[in-house]
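Visitor: Sharing a structure here in C-alpha cells format.
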Amino acid sequence: MTIGISRSSATGPAGERSGKGAQIRLESVTKDFGLAHPAVDNVTLTIEPGEFMTFLGPSGSGKTTTLNLIAGFESLTSGTIRLDSQDVSTLPAHKRNLGMVFQNYALFPHMTVAGNIAYPLRERKVPKAEIERRVAEVLELVQLKGRDKHYPSQLSGGQQQRVALARAIVFNPRALLLDEPLGALDRNLRAALQLEIRRIHREVGTTLVFVTHDQEEAMNLSDRIALFHDGRIEQVGSPENLYAEPETLFAARFLGDSTVFALGDQPVTGPVTWEDERWAVDAGTVAQRARSGGPTALVVRPESMGIVRDRAQVPGGANAVRARVRDIEYMGAYRTLVLGVGHAGVSGRARIPAADKNYAIGDEVVAWWHPDAQRIVAA
Amino acid sequence: MMTSRPRWLPHPGWLLLIPAVALLGGILGVPLWQSFWRSIGSGDWTLEHYSALFTDGVTLKVLARTGQAAAVVTIVTLLLGYPYAYLMTRVGPLWRSVLVVMVLMPFWTSALARNFGWLILLYDNGLVQRFLGLFGFDDVVLYGTAQGVTLAMSQVLLPFMVLPLFSALGGIDRKLLLAARSLGSPPLVAFWKVYFPLSRGGVVAGVILTFTLACGFYVTPALIGSPRESLIAQLLGQRTTQLLDFAGAGALGTLVLVVTLVLVWWANRMGGSMATIGVVAGQTGTRR
Amino acid sequence: MTTLLEPSVAAPAPARTSFLTRWRARRSADPTPVWLTIVGTMVALYLVLPTLIVIPMSFSEASTFVFPPRGHSLWLYRNFFTNDRWLDSLRNSFIVASCAAAIATVVGTSAALGLHQLRGRRSARFLQSALMFPILTPSIVIATAVYISFLRWHLVGTLAGYVLAHAALATPFVLATVTSALGTFDPTYLRASASLGASPWRSFLTVTLPLISRGVATGAVLAFVTSFDEVVIALFIRSPRFQTLPVQMYNSVVVEIDPTIAASSSLIVVTVSLIFLVALLGSARRTSRPGSANNRRSVVRRTR
Numbered sequence: 006m007t008i009g010i011s012r013s014s015a016t017g018p019a020g021e022r023s024g025k026g027a028q029i030r031l032e033s034v035t036k037d038f039g040l041a042h043p044a045v046d047n048v049t050l051t052i053e054p055g056e057f058m059t060f061l062g063p064s065g066s067g068k069t070t071t072l073n074l075i076a077g078f079e080s081l082t083s084g085t086i087r088l089d090s091q092d093v094s095t096l097p098a099h100k101r102n103l104g105m106v107f108q109n110y111a112l113f114p115h116m117t118v119a120g121n122i123a124y125p126l127r128e129r130k131v132p133k134a135e136i137e138r139r140v141a142e143v144l145e146l147v148q149l150k151g152r153d154k155h156y157p158s159q160l161s162g163g164q165q166q167r168v169a170l171a172r173a174i175v176f177n178p179r180a181l182l183l184d185e186p187l188g189a190l191d192r193n194l195r196a197a198l199q200l201e202i203r204r205i206h207r208e209v210g211t212t213l214v215f216v217t218h219d220q221e222e223a224m225n226l227s228d229r230i231a232l233f234h235d236g237r238i239e240q241v242g243s244p245e246n247l248y249a250e251p252e253t254l255f256a257a258r259f260l261g262d263s264t265v266f267a268l269g270d271q272p273v274t275g276p277v278t279w280e281d282e283r284w285a286v287d288a289g290t291v292a293q294r295a296r297s298g299g300p301t302a303l304v305v306r307p308e309s310m311g312i313v314r315d316r317a318q319v320p321g322g323a324n325a326v327r328a329r330v331r332d333i334e335y336m337g338a339y340r341t342l343v344l345g346v347g348h349a350g351v352s353g354r355a356r357i358p359a360a361d362k363n364y365a366i367g368d369e370v371v372a373w374w375h376p377d378a379q380r381i382v383a384a
Numbered sequence: 153m154m155t156s157r158p159r160w161l162p163h164p165g166w167l168l169l170i171p172a173v174a175l176l177g178g179i180l181g182v183p184l185w186q187s188f189w190r191s192i193g194s195g196d197w198t199l200e201h202y203s204a205l206f207t208d209g210v211t212l213k214v215l216a217r218t219g220q221a222a223a224v225v226t227i228v229t230l231l232l233g234y235p236y237a238y239l240m241t242r243v244g245p246l247w248r249s250v251l252v253v254m255v256l257m258p259f260w261t262s263a264l265a266r267n268f269g270w271l272i273l274l275y276d277n278g279l280v281q282r283f284l285g286l287f288g289f290d291d292v293v294l295y296g297t298a299q300g301v302t303l304a305m306s307q308v309l310l311p312f313m314v315l316p317l318f319s320a321l322g323g324i325d326r327k328l329l330l331a332a333r334s335l336g337s338p339p340l341v342a343f344w345k346v347y348f349p350l351s352r353g354g355v356v357a358g359v360i361l362t363f364t365l366a367c368g369f370y371v372t373p374a375l376i377g378s379p380r381e382s383l384i385a386q387l388l389g390q391r392t393t394q395l396l397d398f399a400g401a402g403a404l405g406t407l408v409l410v411v412t413l414v415l416v417w418w419a420n421r422m423g424g425s426m427a428t429i430g431v432v433a434g435q436t437g438t439r440r
Numbered sequence: 037m038t039t040l041l042e043p044s045v046a047a048p049a050p051a052r053t054s055f056l057t058r059w060r061a062r063r064s065a066d067p068t069p070v071w072l073t074i075v076g077t078m079v080a081l082y083l084v085l086p087t088l089i090v091i092p093m094s095f096s097e098a099s100t101f102v103f104p105p106r107g108h109s110l111w112l113y114r115n116f117f118t119n120d121r122w123l124d125s126l127r128n129s130f131i132v133a134s135c136a137a138a139i140a141t142v143v144g145t146s147a148a149l150g151l152h153q154l155r156g157r158r159s160a161r162f163l164q165s166a167l168m169f170p171i172l173t174p175s176i177v178i179a180t181a182v183y184i185s186f187l188r189w190h191l192v193g194t195l196a197g198y199v200l201a202h203a204a205l206a207t208p209f210v211l212a213t214v215t216s217a218l219g220t221f222d223p224t225y226l227r228a229s230a231s232l233g234a235s236p237w238r239s240f241l242t243v244t245l246p247l248i249s250r251g252v253a254t255g256a257v258l259a260f261v262t263s264f265d266e267v268v269i270a271l272f273i274r275s276p277r278f279q280t281l282p283v284q285m286y287n288s289v290v291v292e293i294d295p296t297i298a299a300s301s302s303l304i305v306v307t308v309s310l311i312f313l314v315a316l317l318g319s320a321r322r323t324s325r326p327g328s329a330n331n332r333r334s335v336v337r338r339t340r
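Chains as they are written, first to last, in this note's numbering: chain A, 6 to 384; chain B, 153 to 440; chain C, 37 to 340.
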C-alpha cells in the first residue's frame, strides 16, 4: 500500500514559489480542553505551498496545539483543516503524510540512525534497494554521512536533531511540521542548525510550519510569521511587516523592544496628547485596528529614538518628551539607554552610538523621534 | 490521539484489562468471596463462625503466639536490617548491587530449599548448635522450637525490612550527621537525635510490612517448628483439610486477610510504597 | 599577606608517617566505618549461608540430615533423576510453570498496556492496586479459599487447576515488571511513529513491544520461577496422582525422611541463582548499550 504523495505545483500570486508542498488551510479551527478558555480559538489561516511559516507566541498561546491539530495528534472541537483540497479534519495522524520533528527528537532508541530514517519507508513498503538509496541521499543532505550504523544515544543533540529532520523528510511528506526543534540546544548550536533548516528548506522546497517562542529565530527563518496570543492569531505577515507595522500592542512588544505610551481612548486622527506633551501623528503610521476606536498606544523602537540634552536641540517637526537616564547598557555595537520617561517614569529604551559616552545615570535628557517612525497600535 | 474512534466504543485500555480481571477475579476473587460468604452463614448474615473463633480456646492462643513470634521476628530484622541498609547507603554502586543481590537471595530461592537449609543448620548437632557451643551455650535446642522458627523467618523477611529502610535512608543527607558532630555531638547521640528520627518513615513501613508478612508464614513453622506450637497459618490449614470446617476456615481466613490488608495499607501510607513492596528494583547501575 | 596562623601551628614536618596515617590519608573524607562493614558482612552471611548449605549436603552418602555430610557420593542426584515420584513431580512442575508463565505473561502484559493507556484516571489506579493484591495476601488464605472452591469446580489435582491458580498468582509480577518498563517509555515515540505512517497496531509492534521486551522477558522468567517454586497452594490443591516438585520435597521432610531433597534443593538453588545472575548481568551490560527503555527489574517472589 503506497500512500499517494500529493505534490502541489501551485504558484503564489507573484509566481514566486512553485511549492512542492501542500497548501494547509485552517478554517475556524477551535480546540477546547474544557478549561476556562479554548486552547485554540477560531483560527483561520492559509499556509501557501512551499512556504516557511512560523507559529510564534508565548507559552500557552495555542501555537503547539494548532500544530498538533494539523498533525492529527489532537481532534478538532470545530472547524476544518484542509491539505490542498482534502479535508483531513477527521483523518488519523498516520494517514496524513506529514513529517514531524519533535522538541525531544523522539528517535527510536532501539534502532540505528539508518533504521530510524528508513522506518517511514519500510512502513510504506518501499523496496529495499530504494530505501538504501534514499536513506543515503538524505543523510548526505543533513551532513551526517557515515553515521548510519550509530545509535541515537551515541550522537550529540545537534546530530540527533538532524537525524530527526532526515527521518521526517525522507518519505517526501507534503508538509513538514517542527515543534520547537531547537529548544533543547545551546545558543551556538541553535544558530548553526537554524542555517541548516533554512538550507534544507530551500533544497527540498516543501511547506514548512515551525513553532517557536523565540522571536529572533522566527524573524530570521520565516517567510511569514503567525503571531499567536491566547489561542488566537494576533497578526500574520512577513517578519519585516510584523516588526515595522505591528497592529497591536502585544505584537509590538513581542517582536523587538519598544517604548510604550498609553493613549487611552483619544482620537488618533490628529495630534495626540500624552501627559503634558502634544505629538504629531502621521496617518500612515496608525494601525488598522487602532482606527476603530478603543484604547490605543503609541510605540517607538529604540533605534528610532534620539537623545539630546535639551529641547532646543530637537530637530524640527519631531515629537519629544523629557526623560531621565536610569541605566546604560553597553551592547558592543551600540549603547542602549534605559529611560524613565515623563512624570510617570514610563520605561523606555533608546539606542545611541557606542562611541557616545556623554550620558550618565541620573541625567535629565530629552528623547525625540520623527512622527513617521512612531506607530499607533491597538492596546 | 485517534480522531476517528467511534464514540460508543469504550477506550481500548479497558479491553486490554479484561483478561487480567477475568483471570484474577475468577481464580482468586471468586474463591475469596465464597470463603467470606460461607463465613457469614452463606446469606444468613450470622457472626457465629467468627464468635466461634474466639471461644474455641485454640484460635486466640494461636493468634497470640503468632503475634508474639511475628513481633520477635520484626525486632530481629530491624536490628539486623538497619545497619545493613545503612551500609548500603555508604558503599559505591558496585557493592550496593552486591548487597542488594544478597538480601534478595532468600527470596529467589525456593521456600522449600531454604527451609531445608535451615533444617540442616538447626538440627541436633547441626552447625548452629555447634557454633553456639563455642560460646558455651550447650544444650540449646533449636529445631522444633519457636526460636528456630524465628531465626529462619527473619532471614526471609530481612529484604522487606531492608528495602523500605534503604529507600528512606537513601534520602537522608549524611552531611546532617557531620554537621551535628561538628556542633559537638558524640556520634551515638548524633545518630539518635538527628539520623534516626529522619528515618522513622522507613522504619515504620518496614516494621509493619515485616510483621504483617510474618503472621502469614506457613511453610517455615510447618517444617522447622513443632506441631504443638503451630502458628495461625497452620491452624487455618488444619481447619480446612482436617476439620473440614469450611465456614470456620472462611471466617479465620477473612479475618487474617482483612487484618493483613489494613496493615499493608497503613504501611503504604507511612512511606513504604507499593513500589517497594510489590516491585523491588534490582538496580544494577545508574541510568545514564 | 598576614595570616592568623602562628609558626607553632604550621604544617608538621613530613618525617616518617605511620602506615595508619598514610592509610587514613588515602581513604576518602567520609569512609565507611569498619564496624559497619563487619556487621554488614555478618548479616550478608546470615542471608546467604542457609541457602547455600544445601549444596554440600547434596553430596552426602548418608540418609539423614546430619551436617557435615559424610562421604562423597552422587547417589542423591541419581535417585532424583531415576525415582518415579521425583521425576513425575519434576515434570509436572515444568509443565505447570511453563503454561502458567505463558498465560501470566500475556495477561499481565496486556493489563500493563491497558493501565498505561488509562493512566491518571482514578479508576485505573484503583484497578492497578487491586491487580497487585495477590502479592500481599498471605498464601495460606488464598490456598484454603481456592482449595474449597476448586473442590466444587472439580479442579483439585488437575493440571488445569494448577495452571490457572499459578497463572493468577504470577500475573501481578508480570504486571509489575512491564509497568516499570512502560514507566520509562516516552509517549512521544508513538506520535513519531504515527507521523511517519505507522498505524496504531504497527506502532505497537515496531516501537512499543521492542522497547518493553526486557520487562516482558523478566516478567516471564519471574512468573516461571514463581510457579515452579510455589508450595503453599500446591500443597492444598494436590492429589496423590498429581503433585509438583515442592510438594514432593515437602513430603520428603514431613512424611518420610528422604534426603533426595538435598539434591533437589541444590539443583533449584543453583539453577535459579544462575538465571537471575545472568539476567542481572545482561541488564547491567545493556544499561550502557543503547536500546533498552528499562533497566529496572522486579525480583520479588512469594516467600512462604
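Cβ atoms here follow ideal geometry from the backbone N, Cα and C, with glycine treated the same way.
1) In its own chain, which residues sit with a C-beta less than 6 Å from the C-beta of Cys367/B, not counting the 5 before and 5 after it?
2) CA-CA distance, Lys100/A and Gly233/C?
3) Which one or two residues does DSSP pair with Pro358/A in a beta bridge?
4) Label Asn73/A either buried or exposed according to how many other C-beta atoms from any shown protein chain fall within 10 Å of its C-beta, with 16 as the threshold for buried.
5) Please list, in chain order, the residues of the stretch 257-273 of chain C that have any C-beta partner in chain B closer than 9 Å.
6) Please classify Thr16/A: does DSSP put it in a helix, a strand, or coil?
7) Quick one: complete beta strand (DSSP E) runs, 3+ long, within the stretch 79-131 of chain A?
8) Can you check the stretch 196-247 of chain B for any alpha helix (DSSP H) of at least 4 residues that lies completely inside it and give the ranges in chain order?
9) Would you list, in chain order, the members of the stretch 114-133 of chain A that have their beta-carbon closer than 8 Å to a beta-carbon of chain C?
10) Give the secondary structure of His190/C by DSSP, where H, G and I count as helix, E and B as strand, and everything else as coil.
11) Do you know offhand how far Ile178/C's Cα is from Asn420/B's?
12) What is the residue span of the beta strand (DSSP E) that Met4/A lies within?
13) Closest to Pro235/B by CA distance: which of Ile273/C, Val79/C and Pro282/C is it?
14) Quick check on DSSP: helix, strand or coil for Leu328/B?
15) Which class does Ala384/A belong to by DSSP, given the choice of helix, strand or coil?
16) Grab me the residues of Leu230/B's own chain with a C-beta within less than 8 Å of its C-beta, minus the 5 sequence neighbours each way, in chain order.
17) For Ala298/B, which residues in chain C fall below 8 Å Cβ to Cβ?
18) If you measure between the beta carbons of Thr212/A and Glu56/A, is that distance less than 7 Å?
19) Is Ser337/B near the ligand GDP - that is, is its Cβ less than 6 Å away from at least one heavy atom of it?
20) So Phe130/C is in the alpha helix (DSSP H); what residue range does that whole segment cover?
21) From Asp37/A to Tyr183/C, what does the alpha carbon distance come to, in whole angstroms?
22) At a CB-CB cut-off below 7 Å, which residues of chain C make contact with Asn109/A?
23) Counting Cβ pairs, one atom from each stretch, are 3 or more of them under 8 Å apart for the stretch 230-244 of chain A and the stretch 191-204 of chain A?
24) CA-CA distance, Ser194/B and Trp185/B?
25) Using a Cβ-Cβ distance cut-off of 7 Å, determine whether Pro246/C contacts chain A.
26) Measure the alpha-carbon distance for Thr290/A versus Ile238/A and round it to whole angstroms.
27) Rounded to whole angstroms, what's the CA-CA distance from Arg380/A to His206/A? Just pull it up for me.
28) Can you round the beta-carbon distance between Thr406/B and Phe188/B to whole angstroms, since I take them to be within the 8 Å contact cut?
29) According to DSSP, Ser352/A sits in a beta bridge with which residue or residues?
30) In three-state terms, what does DSSP make of Gly311/A?
31) Exposed or buried, which one is Gly104/A when buried takes at least 16 other CB atoms within 10 Å?
32) For the stretch 173-191 of chain B, list every residue whose C-beta sits within 7 Å of some C-beta in chain C, in sequence order.
33) Quick one: list the residues of chain A neighbouring Ala230/C, beta-carbon separation under 7 Å, in chain order.
34) Please list, in chain order, the chain C residues whose beta carbon lies closer than 8 Å to that of Arg329/A.
35) To the nearest angstrom, how far is the alpha carbon of Asp235/A from that of Ala41/A?
36) Listed in chain order, which residues of the stretch 42-60 of chain A have Cβ atoms closer than 7 Å to some Cβ of chain C?
Guide: Checking against the coordinates, here is how it stands:
1) Thr218 and Ala222
2) 6 Å
3) Bridge partners of Pro358/A: Tyr339/A.
4) It counts as buried.
5) Val261, Phe264, Asp265, Glu266, Val267, Val268, Leu271 and Phe272
6) With a pLDDT of 37 at Thr16/A, under the threshold of 50, the modelled position of this residue cannot be trusted; read the value that follows with caution. The answer is strand: DSSP assigns Thr16/A an E or B state.
7) As far as the stretch 79-131 of chain A is concerned, its whole beta strand (DSSP E) runs of at least 3 residues are 83-88 and 104-106.
8) 200-207 and 211-242
9) Pro114, His115, Tyr124, Pro125, Glu128 and Arg129
10) coil
11) 22 Å
12) Given that chain A is displayed from residue 6 to residue 384, the structure contains no residue 4/A and the question cannot be resolved.
13) Nearest option by C-alpha distance: Val79/C.
14) helix
15) coil
16) So the qualifying residues of the chain are Met313, Val355, Gly358, Val359 and Thr362.
17) The premise fails here: Ala298/B is roughly 17 Å from chain C at the closest Cβ pair, so nothing lies under 8 Å.
18) yes
19) No copy of the ligand GDP appears in this structure; indeed no ligand is present at all.
20) Per DSSP, Phe130/C belongs to the alpha helix (DSSP H) from Asp120 to Gln153.
21) 54 Å
22) Thr224
23) Touching, no.
24) For Ser194/B and Trp185/B, the distance between alpha carbons rounds to 11 Å.
25) Flagged as an interface residue toward chain A: Pro246/C, by a C-beta distance shorter than 7 Å.
26) 22 Å
27) 34 Å
28) 5 Å
29) Gly345/A
30) strand
31) buried
32) For the stretch 173-191 of chain B, the set of positions with a beta-carbon nearer than 7 Å to some beta-carbon of chain C reads Leu175, Leu176, Ile179, Leu180, Val182, Pro183, Leu184, Gln186 and Ser187 in chain order.
33) Ala98 and His99
34) The contacting residues do not exist; Arg329/A stays about 44 Å from chain C at best.
35) Cα to Cα, the separation comes out at about 11 Å.
36) So the list is empty, because no residue satisfies the distance condition.
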